[in-house]
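Trainee:
Numbering (the UniProt record's numbering), first residue to last: 1 to 134.
(1) Quick check on the DSSP output: what are the complete beta strand (DSSP E) runs of length 3 or more inside the region 43-122, in order along the chain?
(2) Ordered along the chain, which non-local residues of its own chain (more than five positions away) have a Cβ less than 8 Å from that of residue 41?
(3) So is residue 95 buried or exposed if we call it buried at 16+ other beta carbons inside 10 Å?
(4) Given this structure, state the Cα-to-Cα distance separating residue 6 from residue 98, to the nearest angstrom.
(5) Reducing DSSP to helix, strand and coil, say where residue 6 ends up.
(6) Taking the C-alpha atoms as reference points, what is the distance between residue 36 and residue 69?
(7) Can you tell me where the alpha helix (DSSP H) holding residue 39 begins and where it ends?
(8) Just the Cα atoms here: how many angstroms apart are residue 67 and residue 120?
(9) Report the residue from 72, 78, 117, 10 whose alpha carbon sits nearest the alpha carbon of residue 100.
(10) Using the Cα positions of residue 115 and residue 14, report the straight-line distance between them to the nearest angstrom.
(11) In terms of residues, what are the limits of the alpha helix (DSSP H) holding residue 25?
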């Protein structure tokens, strides 16, 4: 059952060529699934072991990504029940929000560079998409 959830979150394999760390790709994949509605509040995430097997990556990599997601407030781990999408995203203060924005932007730039895309094109497209969604 949760293997389907793994496929929903990660329909494509992660890129292990070394451009972007697998942990970052995993974290960003979960955040993207939350952001675009594939995962909703209180949805159960695949277990770390299930995701490790599905993506053919080391269990420690998944554990680190889940820990980062939990620190960010995106997911919560419930003892003996698993990891779930948080009910509501935390409302960060301005300093934390700025750090999160910078991390998100840096991640997008790193992914773009790893795929050979000019960061300027990514920035221009992001601004265009934001205007469309407004």
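We put the CB at the ideal spot given by N, CA and C, even for glycine.
Mentor: So, to answer that:
(1) 75-78, 82-85
(2) 85, 86, 87, 88
(3) exposed
(4) 30 Å
(5) helix
(6) 16 Å
(7) Unbroken run through residue 39: none, as it is neither H nor E.
(8) 31 Å
(9) 72
(10) 13 Å
(11) 22-35
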